[in-house]
Amino acid sequence: MEFICLCFFLTAALILSLNAILKFFSFGQVKLPLPPGTMGWPYIGETFQLYSQNPNVFFASKVKKYGSIFKTHILGCPCVMISSPEAAKLVLVTKSNLFKPTFPASKERMLGKQAIFFHQGEYHAKLRKLVLRSFMPESIKNIVPDIESVAISSLKSWEGKLITTFQEMKTYTFNVALLSIFGKDEVLYREDLKRCYYNLEKGYNSMPINIPGTLFYKAMKARKELAQILAKILSLRRQTKQDYNDLLGSFMCDLEGLTDEQIADNIIGVIFAARDTTASVLTWIIKYLAENPSVLQSVTEEQEAIIKSKEESGEEKVLSWADTKRMPITTRVIQETLRVASILSFTFREAVQDVEFKGYLIPKGWKVLPLFRNIHHSPENFTDPEKFDPSRFEVNLTFLGHRFH
């Protein structure tokens, strides 16, 4: 009996000792749990549930059930969804080096693999600096009167017509984008650029089947023609040897030198990204102003006051950069529209290594989606979030550590 007890003791002691040793050497390497949630069916995941209803309803129900971080499987990828400002800031700002932008391969082919959206690190930082340089006040303020001319021309073309607001806003923003990127050079190629972008847009979300007759094939053909048009503009500028204060000029003057392919990919990508989102914002602004007469009245009075002050001082009735700084009510309307409409409901990132957040593991290779709409419509972040109320921005609200914009 004593022998058996001794055997039990030694065996147990050995096992417990080994276990203690293993715990010692694995200290700090405790496997973290995945966020709560469900992954759905094999391969399919929860994609059908996502698209069988309003995607925002799908995400809202998940947030209600699991909280501000949860896992799912959509569009063929395991994903972690995050819906708190803190988490969004981690992914997009403070630890952005751990999460790379990710897009389907067909999107990269269509817009260009060298476009800023598909990169991170030094190349992304350099491109971002060049883009921001072209849209700083020093660059924009010189073309404010030209932008106003585009707006006036658009308004006149609508007189006496029944228009589709979103389509007209797309045309307007496209013309402004061309002006900001190409300056006066855009006039020569405006219609060709517009035609190519129309075909590119039609095929952007199509099945990536590159055979004659398909939307994808037509889009890729338009993409090739866009590159040819840009090559002509680049050649013309190099012949004139002038300095241009626009985005194309910023890319061409980069001291480290961008290749023509890199310039083309980024010009095409910037126009494509700016067109629909800006047009959507303008369309929603018009909608919310129409639904809120008191806000519309306040905006109208603000604009009329600027015109009156110009008349009294003998200034030209041409909009200037300084005038745009005297529009606090208009600015708040834009901010509130961006919040309520949440044009970009979410964005895709991919974890480049295992990441810990709030005691959960975000595995390497998993997609991470900050849910902007859920953040903007959370009562924890905004009082009465479904109400359109520009006055909430009379105080400096912040998002991702910056003033909300």
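Using the numbering used here, the letters of the sequence shown correspond one by one to residues 1330 to 1734.
Glycine included, every Cβ here is placed at the ideal spot set by N, Cα and C.
Limits of the alpha helix (DSSP H) - the one that A1401 falls within: Here residue 1401 is taken as the residue at index 72 of the sequence shown, counted from 1. The sequence given here places Thr at residue 1401; Ala does not occur at that position. That residue, T1401, is in no alpha helix (DSSP H); its beta strand (DSSP E) goes 1398–1403.
Where W1613 sits in the DSSP three-state scheme: As a working mapping, residue 1613 is identified with position 284 in the sequence shown. Helix.
Terminal residues of the beta strand (DSSP E) in which Y1689 lies: Residue numbering aside, residue 1689 sits at position 360 when the sequence shown is read from its first letter. Y1689 -> beta strand (DSSP E) spans 1689–1691.
Classification of E1499 by the beta-carbon crowding that lies within 10 angstroms, buried from 16 upward: By 1-based counting over the sequence shown, the position of residue 1499 is 170. Glu is not the amino acid found at residue 1499; the sequence shown has Lys there. Buried, since its Cβ has 16 or more Cβ neighbours within 10 Å.
Unbroken beta strand (DSSP E) run spanning M1439, endpoints: Here the question's residue 1439 lines up with position 110 in the sequence shown. Here M1439 belongs to no beta strand (DSSP E); instead the alpha helix (DSSP H) covers 1434–1440.
Three or more C-beta pairs below 8 Å linking the segment 1576–1593 and the segment 1553–1563: yes
Alpha helix (DSSP H) runs contained entirely in the segment 1474–1529, provided each spans 4 or more residues: 1494–1511
Where Y1527 falls, given that 16 or more other Cβ within 10 Å makes a residue buried: If you number the sequence shown from 1, residue 1527 lands on position 198. Exposed, because fewer than 16 other Cβ atoms sit within 10 Å of the Cβ of Y1527.
Neighbour-count burial assignment, R1552, 16 or more Cβ in a 10 Å radius: The sequence position of residue 1552 within the sequence shown is 223, counting from 1. Buried, since its Cβ has 16 or more Cβ neighbours within 10 Å.
Where A1735 falls, given that 16 or more other Cβ within 10 Å makes a residue buried: Residue numbering for the chain in the displayed model covers 1330 to 1734; residue 1735 lies beyond these limits and cannot be assessed.
Helix, strand or coil at P1708 [DSSP, three-state]: Translated into positions along the sequence shown, residue 1708 becomes position 379. P1708: coil per DSSP, three-state reduction.
Uninterrupted alpha helix (DSSP H) stretches inside the segment 1622–1686 (no shorter than 4 residues): 1622–1642, 1650–1653, 1657–1670
Cα-Cα separation, K1436 to G1542: Start at 1 with the first residue of the sequence shown, and residue 1436 comes out as number 107. Start at 1 with the first residue of the sequence shown, and residue 1542 comes out as number 213. Our two residues, K1436 and G1542, have alpha carbons roughly 19 Å apart in a direct line.
Counterpart residues of C1582 in DSSP-defined beta bridges: Your numbering for residue 1582 matches position 253 in the sequence shown. DSSP output for C1582 lists no bridge partner at all.
Sequence-distant residues of the same chain with beta carbon closer than 7 Å to F1388, five excluded per side: The sequence position of residue 1388 within the sequence shown is 59, counting from 1. The beta carbon of F1388 lies closer than 7 Å to those of M1410, L1700, N1703 in the same chain, with the five residues before and after it left out.
8 Å Cβ cutoff met for D1598 and L1440: Here the question's residue 1598 lines up with position 269 in the sequence shown. Here the question's residue 1440 lines up with position 111 in the sequence shown. A small correction: the amino acid at residue 1598 is Gly; Asp does not occupy that position in the sequence shown. For G1598 and L1440, yes; Cβs fall inside 8 Å.
Range of the contiguous beta strand (DSSP E) that encloses I1538: Mapped onto the sequence shown, residue 1538 falls at position 209. First-last for I1538: undefined, no H or E at that position.
Buried or exposed (CB count within 10 angstroms, at least 16 for buried), E1375: In the sequence shown, the residue the question calls residue 1375 occupies position 46. Buried is the call here.
Segment limits, beta strand (DSSP E) that includes V1460: In the sequence shown, the residue the question calls residue 1460 occupies position 131. No beta strand (DSSP E) contains V1460, which is instead part of the alpha helix (DSSP H) from 1451–1463.
Spatially closest choice to L1618 from P1719, E1715, P1537, by CA coordinates: In the sequence shown, counting from the first residue as 1, residue 1618 sits at position 289. Checked all of P1719, E1715, P1537; the closest Cα to L1618 is P1719.
Three CB pairs or more closer than 8 Å across the segment 1477–1485 and the segment 1657–1670: no
Bounding residues of the beta strand (DSSP E) (the contiguous stretch that carries L1698): The sequence position of residue 1698 within the sequence shown is 369, counting from 1. 1696–1699 is the span of the beta strand (DSSP E), which, as asked, contains L1698.
Endpoints, the alpha helix (DSSP H) within which M1549 is located: Residue 1549 sits at position 220 when you count from the first residue of the sequence shown. From DSSP, the alpha helix (DSSP H) with M1549 extends over 1544–1569.
Bridge partners - I1411, DSSP secondary structure assignment: For the purposes of this step, residue 1411 is identified with residue 82 of the sequence shown, where counting begins at 1. DSSP lists I1398, P1699 as partners of I1411.
Spatial neighbours of T1653 in its chain, beta-carbon cut-off 6 Å, leaving aside the 5 residues before and after: Start at 1 with the first residue of the sequence shown, and residue 1653 comes out as number 324. Around T1653: no qualifying Cβ.
Nonlocal neighbours in the same chain, by C-beta distance under 8 Å from T1606, ignoring five residues either side: Looking up residue 1606 in the sequence shown gives position 277. The answer, listed in chain order, is I1672, L1673.
Residues of its chain near H1706, where Cβ-Cβ distance is below 6 Å and the 5 sequence neighbours each way are ignored: Here the question's residue 1706 lines up with position 377 in the sequence shown. Around H1706: P1714.
Beta-carbon spacing of I1445, V1460 below 8 Å: The sequence position of residue 1445 within the sequence shown is 116, counting from 1. The sequence position of residue 1460 within the sequence shown is 131, counting from 1. Yes, the Cβ-Cβ distance between I1445 and V1460 is below 8 Å.
Inter-residue CB distance, T1401 and T1367 (contact presumed, cutoff 8 Å): Numbered from its first residue, the sequence shown carries residue 1401 at position 72. Numbered from its first residue, the sequence shown carries residue 1367 at position 38. With a Cβ gap of about 7 Å, T1401 and T1367 count as contacting.
Buried/exposed call for A1651, threshold 16 Cβ in 10 Å: Taking the first residue of the sequence shown as 1, we reach residue 1651 at position 322. Exposed is the call here.
Delimiting residues of the beta strand (DSSP E) encompassing P1371: Within the sequence shown, the letter at position 42 stands for residue 1371. Counting along the chain, P1371 falls outside any beta strand (DSSP E), and DSSP gives it neither H nor E.
Span separating the alpha-carbon of L1529 from that of F1601: Mapped onto the sequence shown, residue 1529 falls at position 200. Mapped onto the sequence shown, residue 1601 falls at position 272. When rounded, the separation of the alpha-carbon atoms in L1529 and F1601 is 9 Å.
Buried versus exposed, by CB contacts within 10 Å (16 or more), G1586: On the sequence shown, residue 1586 is found 257 positions in, with the first residue counted as 1. Under this definition G1586 is an exposed residue.
Local Cβ density within 10 Å of L1491, reported as buried at 16 or more and exposed below that: Within the sequence shown, residue 1491 is the residue found at index 162, counting from 1. So L1491 counts as exposed.
D1572 vs I1510 beta-carbon contact at 8 Å: Working through the sequence shown from its first residue, we reach residue 1572 at position 243. Working through the sequence shown from its first residue, we reach residue 1510 at position 181. No, Cβ-Cβ distance for D1572 and I1510 is not below 8 Å.
P1433 burial status per 10 Å Cβ neighbour count (16 or more: buried): Translated into positions along the sequence shown, residue 1433 becomes position 104. So P1433 counts as exposed.
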